[in-house]
Each structure stands twice: as structure tokens, then as C-alpha cells.
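Colleague: Here you go, one structure.
Protein chains: 2
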Amino acid sequence: MSNWRDNLRSIEPYVPGEQPDFSDMVKLNTNENPYPPSPKVRQVLKEFNSDTLKLYPDPSSHLLADAIAKHYGIGTNQVFTGVGSDDVLAIAFMTFFNSEKPILFPDITYSFYDVWAKLFDIPYKRPELDADFNIKAEDYYCDNGGIVIANPNAPTGISQSEEFLKDIIEHNRDVVVIIDEAYIDFCGNSALNLIQCYDNVLIVQTYSKSRSLAGMRIGYAMGNAELIKAMDDVRFSFNSYPMTRLSVEIGKAAIEDTDYYKETIKKIIETREWTKKELKRLGFTFGNSDTNFIFATHSCVNASYIFGKLKEKHIFVRYFNSPRIDNYLRISIGTQEEMKYFIDELEKILSK
Amino acid sequence: MSNWRDNLRSIEPYVPGEQPDFSDMVKLNTNENPYPPSPKVRQVLKEFNSDTLKLYPDPSSHLLADAIAKHYGIGTNQVFTGVGSDDVLAIAFMTFFNSEKPILFPDITYSFYDVWAKLFDIPYKRPELDADFNIKAEDYYCDNGGIVIANPNAPTGISQSEEFLKDIIEHNRDVVVIIDEAYIDFCGNSALNLIQCYDNVLIVQTYSKSRSLAGMRIGYAMGNAELIKAMDDVRFSFNSYPMTRLSVEIGKAAIEDTDYYKETIKKIIETREWTKKELKRLGFTFGNSDTNFIFATHSCVNASYIFGKLKEKHIFVRYFNSPRIDNYLRISIGTQEEMKYFIDELEKILSK
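These protein sequence lines are chains L and V, in that order. Throughout the first sequence, residue numbering follows our numbering, covering 27 to 378 in sequence. Throughout the second sequence, residue numbering follows our numbering, covering 27 to 378 in sequence.
See the structure below:
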């Protein structure tokens, strides 16, 4: 047997959320947007000159970074773009977390953080959320190599105030603090303005949720120009042309269509609030979700049982078999029609 | 001054080839294909349902891997896809080169290999090519942590025979041997069949050159299923949805259009052979280019001088200010018309 296996990077493979493909399915398991992307995206595809694909893209995706910068009223040199926010976060971990001290993120949070820490040999500690799944600020006052906070947090859906984040940042001016705002557009209280006061804060956002473009893989980070330059240096040393020419054009068109985006967000929030009431009626409890999903547990019926029963009906929600959350379901918000169907079927399952 | 800078990954940033954008330019500097992608690509764009972009792509890009597998007559589980061959190679370096021993690649070769080695802290050694820019097989008989050979080599354009590669592989059964075939379609002697006999050989190819799709960022690796699985594990731990939905559809359509591909390759090879004759006539010497570029030096006029003069005319070729090759120009093969114009202007520069 050859010894080349000795040199393999040993890693427990990350298992991404299921991507079932049934024509009759109700897909509420990966927090996608139930509405199509902006009509401007369709127009880009229609008008795009495919002959230009023979040429490499602009390495810095300047057109896209510029459109994002304009949207948020910041400088283009304060924007980093990548192949979804996972790519952006992976590059940020590589760039900023090179200390011997452990980085900190909650015990219950986005399941990719510890995967990246393991992949890049970054030591880490995971302070426990309190019983109501809130972050305890004082857990982040200790000496550390960096901090990652998803706000709102996933899969809990709970968000912290800007004051709360500021307090953590004030205690951690010597490390980079990443605030992962994948779901921020569903509550609207972005901490973006903190990047103007704190040179060590990086805000990460994505097109996959609020912009209905999970399939185009566009994420971005915003921070002071020095942070962005450091990420660019690592990026260009990994892959100097990360974004397709189409991603750049589509990303630009989507972020410019603010009206469509607002309309979509409004519909999702309305459906979320309706779903909350219905779930309460059916005996579920949950924290105050500020996202496009609800993380709920039932007072007497087991989450994994409900998960399985819904699956039989081709209704897909997310179930994590992990400590402290193994009796919860994470339910993405679909269209009003989908959620009605979901609640009806859920009611049938619970009444059996 | 905050100390977060102490934890930054210190890296000398890689500088990608210039991407000038003049309407009158002749772009012969990044080895792109001068012909547009297959008409089937245009059709995909025209027919693509943009509403599906709201959903994440299939993590394994199965449709694309399957089309590539069919094209080469191998199993889908023998194919890994990524965001250009740079992404594929970066993942391969991370996956396979985790030995204390140095990996080996030539002193003159693709300029990204040492960048990845530095980025991932992989020790490396760079045996010298001989005076004619050929690889010396015996340099690769020593104990090492892995081998990377670009075949044909870049920027030299020179290729080695399958027998030659086999000899190196036979001497290195205990490490992974990567054969980077970015330019193989311009000579046609792929070492792909070696993956059936050697479980430690990985062949890497790209859509950026022969398929005219540099702007879509599609690369792939082929090897035994165990190598591919190991790369997938690392990939999914970095970014579980690397390929856009459009990349998958476009990549599938492009690889299925063999007629168009053959026609394009034929035209480029004809123009390359014509350009060789003309360059000889003008006093250039070069090795036997098997790629879509020619790496040439002039008997009496300095390469950097010619480079600058061509640039003034908006004719872009590549010049590397590196030891042993700083009197060479790497000239990508454009259309016959572009190369005629290039030769005419070159003749004027040389006659001054």
C-alpha cells in the first residue's frame, strides 16, 4: 500500500445541508429565499455577451465591489468580495486568526466556524450561550486570538444590539472581531457603522438570503481598508480570479434594485410573524427570531420525530443532532402559501 | 496602535497578469483563447431560468462532474471540479502536501506553485530545468513530499512524453504527483490514462484555455476516487458550494460540444505554427511550443524593450522579470488576424 495517504490532510468532512430535488417539495431547510432574484438579474442574463467569457474576469471584481460600496455609502477599498460568505469567512479566518491564543465563538452558532478553525489549525474555545440562547458578553472579555459572532445568530435566530457588540469590541481592540451578518437584512440593525470607529471590525454579508442569489455564490466583507487589503493579499495567493464574469454583473444589478429587495424582505417578515403565531398555537416555543427562519421546539413532541414525518411529506426543515439543540427544528420561511401548507401538515402530524 | 496586526498572515501578495481594457487592444498576455466559447454556451444563457438562482447549487456539481467524466470515459467519482484550475490546485496542495519533506517543482514553471507552498507552509525545492528548459527526471528521484509538473510547462511551452512522466511517477509511488495539464489540449498527449494505473497521480485541467471560458472559472482534477474524495473533504470544509449554478450548466454544455472545441484548437495550432515561422524570420528563438503561447527570446533586442514598445501600441504580451527568463517574452496565440498585426508591429519595432 502506497504511503501517499500519510500526507493527506485528515479532516472530518463538513456535511452541507441536504439539497433534495423533488418537483412537489417544500424546501425550508437551508434558509434560501422563497422569492426569485430581482427581475434585473433576468435582464443581465438576457443581455450578457457570452463571447466575453473567453477573457479572465477583473481580479478585484471592481464593478461589484463598487456597487456594494455605493449601496452602503462606504469606500470601494472597504469591500472584499468572494464566492459566497463561506468563502469570505474562510479567507478571513486564514488572514486574521494566526495567534497561538484561541479564537472565541459561541457553543451554538453557525456550524462552519469550528470546521474552518480545524482546517487551518486555529485553536478555539466556545463559550456557552445562556439558557435562552443569548450570548454572555463577559465570556468574551478574556485574552483571545480573535472573535466571531453571528448576528443574528444561527441557528437560534436571536440578535444582539449594537451596544452589546460595541461592548465586546471595546474589550477586544487587539484582535479582529468578525460579525457575520448573513441574516441581518431580516431585522435591519446592521453594525456596519462600527467599521468607521473600529479598525478591527469586519462585517460579513451575503447575497444568498435577502438577495435570493444562493445559486450565484456572492458574499462580501466590509471593514477598514487595511483589513480588506490583508484579505485581498491572501485571496490573490489562493485564487486570483475568484468571481465569474456573470457573478460580477448579476451581483451589481441585484444590489442596485433596492425596491425589489425591500418588497421581498417585507413579505418574508410578514410571513415569519404569521408563522410564529401559528407555531405558538401548535405548542412550539422559540426565541424572538430576527431572521428568515425560526428555531423552535415543541413542548411534548420530539423534534427528530417531526423532522422525519415532515420529510415523508417532502417538507424539508433542518434538524441538528447536536448537544443542547437536538430537540429543535430550524424552519426557513417560505412563501405565505408554502408556510400555510407546512402549518397544515404540521398540525396533522402533531394531532396523531 | 492596535495589536491585531500581529495576527495577520504575512504574505507577499501574488500579482496576477494585467487585465487591460482598451477597445483597440491585442491581448496576448494571459493565454486566453481568442475565440468565443461554444455557441451552446450562449444558448444556456438564453434559456437559463434565473428564478432557480434563489436556491443553493448542488454541492458536488454532479451534473458538471458527470459531463466531464463522460467526455473522458472515466467515473464521476474520479472527477473534482473547482473555481478554475487555480482553485483546484490550491485545494490539491492543501489536501496532499502535508509532509515535513519538501515538495518538488521546477525553478521555471507556473508562478503560482511557490505562492501556494508559502501560503500553506509547505516546504519546497525547485530543481533547475536544463539549459533548453527541459525537466531533468533524475532531479525528481530523491525523497520528497510530493511533485508538481506542468505539462506542457509554462511559461516555456515545452512538453514531456508520457514515458518521461511515467519514469518520474515510478520513482515516486509514495507521494502524490500532480500533473498540471492546463495547456494539454494544444498538443493532445494527455497523461490521463496514467490515473488508471497509478493511484497517486492527479491530472488537473481547465476550461480557461481550450474551452474559451476563462471568465466562468471552471477547472477540474481527475484521479482515483480516493484522491478525489480526499479533495472533496477539504473542499467541503472550506466552501461547500463553490460552483455557481450557471458555471455547472455552462461547463456541461461546453464540454459536450466536441466539434466546436476541435475546430477552435485546430485554428489556434495553425496560427501558432505560422507565428513560429514569422518569429524565426524576425530573429527569435524558442523551444518547441506545444501550447497556445510561444516563449521566445530575440538574438539581439532586449525582451523588456520589446515588451514596452508593444505595450505602447496596445499589444499586450507577458514579460517575467525573473532569473534565467528575463530576456524572454511569453506571447499568447490570438486570431490569425491579431497575430498578423502583432508580427507587423513587431517587425517595425525591431527595424528601428
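No residue lacks a Cβ here, since even glycine has one placed at the ideal position from N, Cα and C. Predicted model only: the values in this text are computed from it and were never measured.
Measure the C-alpha to C-alpha separation of V201 (chain L) and D133 (chain V) and round it to an integer number of angstroms.
Modeller: Here residue 201 (chain L) corresponds to residue number 175 of the first sequence, with the count starting at 1. Here residue 133 (chain V) corresponds to residue number 107 of the second sequence, with the count starting at 1. One C-alpha to the other measures close to 38 Å.
Colleague: Could you spell out the range, first to last residue, of the alpha helix (DSSP H) harbouring Q362 (chain L)?
Modeller: Residue 362 (chain L) sits at position 336 when you count from the first residue of the first sequence. Element bounds for Q362 (chain L): 362 to 377.
Colleague: Output needed in chain order: residues of the stretch 189 to 207 of chain V with a Cβ under 8 Å from some Cβ in chain L.
Modeller: So the list reads R199, D200, V201, V202, given in the order they occur along the chain.
Colleague: Are D384 (chain L) and S236 (chain L) touching if we call contact CB-CB under 8 Å?
Modeller: This structure leaves residue 384 (chain L) out entirely; chain L is present only between 27 and 378.
Colleague: Would the beta-carbon of T323 (chain L) fall within 8 Å of that of F342 (chain L)?
Modeller: Residue 323 (chain L) sits at position 297 when you count from the first residue of the first sequence. Residue 342 (chain L) sits at position 316 when you count from the first residue of the first sequence. The answer is no: Cβ separation not under 8 Å.
Colleague: Check whether the stretch 163 to 178 of chain L touches the stretch 236 to 247 of chain L, counting contact only when three or more Cβ pairs, one atom from each stretch, lie closer than 8 Å.
Modeller: No: the two stretches stay apart, fewer than three of their Cβ pairs being nearer than 8 Å.
Colleague: Using beta carbons (cut-off 8 Å, strictly below), is K339 (chain V) in contact with chain L?
Modeller: Position 313 of the second sequence, counted from the first residue, corresponds to residue 339 (chain V). No, no contact with chain L.
Colleague: Under the assumption that Y387 (chain L) contacts F131 (chain L) (Cβ atoms under 8 Å), give the Cβ distance between them as a whole number of angstroms.
Modeller: For chain L, the structure presents residues 27 to 378; residue 387 (chain L) sits outside this window and is missing.
Colleague: Scan the stretch 145 to 183 of chain L and note each continuous beta strand (DSSP E) run of 3 residues or more that stays entirely inside, going in chain order.
Modeller: Whole beta strand (DSSP E) segments, 3+ residues: 173 to 176.
Colleague: Mind listing the chain L neighbours of Y40 (chain V)? Cutoff is C-beta to C-beta under 7 Å, in chain order.
Modeller: Indexing the second sequence from 1 puts residue 40 (chain V) at position 14. F262, S263, S266, listed in chain order.
Colleague: With 7 Å as the limit, tell me which residues of the stretch 98 to 130 of chain V have their beta carbon closer than that to any beta carbon of chain L; keep them in chain order.
Modeller: If the cut-off is 7 Å between Cβ atoms, the stretch 98 to 130 of chain V has V109, G110, D112, D113, A116, M120, T121, F122, F123, N124, S125 near chain L.
Colleague: Using the DSSP secondary-structure output, state which residues sit across from M248 (chain L) in a beta bridge.
Modeller: Reading the first sequence from its first residue, position 222 is the one you call residue 248 (chain L). Bridge partners of M248 (chain L): L:V105, L:I229.
Colleague: Let me know the secondary structure DSSP gives I129 (chain V) once reduced to three states.
Modeller: Mapped onto the second sequence, residue 129 (chain V) falls at position 103. Note: I129 (chain V) maps to strand in three-state DSSP.
Colleague: Roughly how many angstroms lie between the CA atoms of K144 (chain V) and S266 (chain L), to the nearest whole one?
Modeller: Here the question's residue 144 (chain V) lines up with position 118 in the second sequence. Here the question's residue 266 (chain L) lines up with position 240 in the first sequence. When rounded, the distance between both Cα atoms is 15 Å.
Colleague: Mind pulling the chain L residues with CB within less than 7 Å of Y136 (chain V)?
Modeller: What you label residue 136 (chain V) is simply residue 110 of the second sequence in a count that begins at 1. Those do not exist, as Y136 (chain V) stays about 12 Å from chain L at its closest Cβ, beyond 7 Å.
Colleague: By a C-beta neighbour count over all protein chains shown, 10 Å radius and 16 as the cutoff for buried, is P63 (chain V) buried or exposed?
Modeller: Here residue 63 (chain V) refers to the residue found at position 37 of the second sequence. Label assigned to P63 (chain V): buried.
Colleague: Leaving out five residues on either side along the sequence, give the residues of the same chain with a beta carbon under 7 Å from the beta carbon of F333 (chain V).
Modeller: For the purposes of this step, residue 333 (chain V) is taken as residue 307 along the second sequence, with counting starting at 1. Cβ neighbours of F333 (chain V) beyond the five flanking positions: V343, Y345, L355.
Colleague: Is it buried or exposed, G245 (chain V), if we count other Cβ atoms within 10 angstroms and call 16 or more buried?
Modeller: Taking the first residue of the second sequence as 1, we reach residue 245 (chain V) at position 219. It is buried - the Cβ of G245 (chain V) has at least 16 other Cβ atoms within 10 Å.
Colleague: How would you list, in chain order, the residues of chain L whose beta-carbon sits under 9 Å from the beta-carbon of P63 (chain V)?
Modeller: Working through the second sequence from its first residue, we reach residue 63 (chain V) at position 37. S76, D77, L79, K80, listed in chain order.
Colleague: Mind listing the chain L neighbours of V67 (chain V)? Cutoff is C-beta to C-beta under 8 Å, in chain order.
Modeller: Along the second sequence, one-based indexing puts residue 67 (chain V) at 41. Those within 8 Å of V67 (chain V) in chain L are S76, L79.
Colleague: Considering D92 (chain V), what are the terminal residues of the alpha helix (DSSP H) in which it resides?
Modeller: Position 66 of the second sequence holds residue 92 (chain V). Element bounds for D92 (chain V): 88 to 98.
Colleague: Measuring straight from C-alpha to C-alpha, what distance separates V141 (chain V) and T290 (chain L)?
Modeller: In the second sequence, counting from the first residue as 1, residue 141 (chain V) sits at position 115. In the first sequence, counting from the first residue as 1, residue 290 (chain L) sits at position 264. Roughly 43 Å separates the two Cα atoms.
Colleague: Count the C-beta pairs between the stretch 96 to 104 of chain L and the stretch 108 to 120 of chain V that are closer than 8 Å, then say yes if the count reaches three, no if not.
Modeller: Too few Cβ pairs lie closer than 8 Å, so no.
Colleague: Assess contact between the stretch 304 to 318 of chain L and the stretch 280 to 287 of chain L, defined as three or more Cβ pairs (one per stretch) separated by less than 8 Å. Is contact present?
Modeller: No, the stretch 304 to 318 of chain L does not touch the stretch 280 to 287 of chain L.
Colleague: Alpha carbons only, please: which of V:F74, V:E154, V:E364, V:N328 is nearest the one belonging to I294 (chain V)?
Modeller: Taking the first residue of the second sequence as position 1, residue 294 (chain V) is located at position 268. Of the listed residues, the one whose Cα sits closest to I294 (chain V) is V:E364.
Colleague: Does the stretch 50 to 68 of chain V come close enough to the stretch 246 to 259 of chain V that 3 or more CB-CB pairs lie under 8 Å?
Modeller: No: the two stretches stay apart, fewer than three of their Cβ pairs being nearer than 8 Å.
Colleague: Take the Cβ of G214 (chain V) as the centre, count every other Cβ of all protein chains shown within 10 Å, and call the residue buried at 16 or more, exposed below.
Modeller: Stepping through the second sequence from its first residue, residue 214 (chain V) is reached at position 188. Answer is exposed; the Cβ neighbour count stays below 16.
Colleague: What are the boundary residues of the alpha helix (DSSP H) that includes L71 (chain V)?
Modeller: For the purposes of this step, residue 71 (chain V) is identified with residue 45 of the second sequence, where counting begins at 1. Its alpha helix (DSSP H) spans residues 65 to 73.
Colleague: Of all the CB atoms in chain V, is at least one closer than 8 Å to the CB of A180 (chain L)?
Modeller: As a first step, residue 180 (chain L) is located in the first sequence; it is residue number 154 there, counting from the start. No, A180 (chain L) does not count as interfacial toward chain V.
Colleague: Does V141 (chain L) have its Cβ less than 8 Å from a Cβ in chain V?
Modeller: In the first sequence, the residue the question calls residue 141 (chain L) occupies position 115. It does; some Cβ of chain V falls within 8 Å.
Colleague: Spell out the partners DSSP gives I341 (chain L) in its beta bridges.
Modeller: By one-based count along the first sequence, residue 341 (chain L) stands at place 315. L:V52.
Colleague: By DSSP, does T323 (chain V) sit in helix, in strand, or in coil?
Modeller: Along the second sequence, read from residue 1 onward, the residue named residue 323 (chain V) stands at position 297. If DSSP states are grouped into helix, strand and coil, T323 (chain V) belongs with the strands.
Colleague: Could you check where the alpha helix (DSSP H) with V274 (chain V) kicks off and where it finishes?
Modeller: For the purposes of this step, residue 274 (chain V) is identified with residue 248 of the second sequence, where counting begins at 1. V274 (chain V) -> alpha helix (DSSP H) spans 271 to 282.
Colleague: 8 Å is my cut-off, CB to CB: does M242 (chain L) come that close to chain V?
Modeller: By one-based count along the first sequence, residue 242 (chain L) stands at place 216. It does: the Cβ of M242 (chain L) has a partner Cβ on chain V nearer than 8 Å.
Colleague: Say whether the stretch 218 to 228 of chain V touches the stretch 34 to 54 of chain V, bearing in mind that this needs 3 or more beta-carbon pairs closer than 8 Å, one atom from each stretch.
Modeller: Contact fails: fewer than three Cβ-Cβ distances are below 8 Å.
Colleague: Quick check: L191 (chain L) and L228 (chain L), are their CB atoms within less than 8 Å of each other?
Modeller: The residue labelled residue 191 (chain L) in the question sits at position 165 within the first sequence. The residue labelled residue 228 (chain L) in the question sits at position 202 within the first sequence. Cβ distance not < 8 Å, so L191 (chain L) and L228 (chain L) don't count as in contact.
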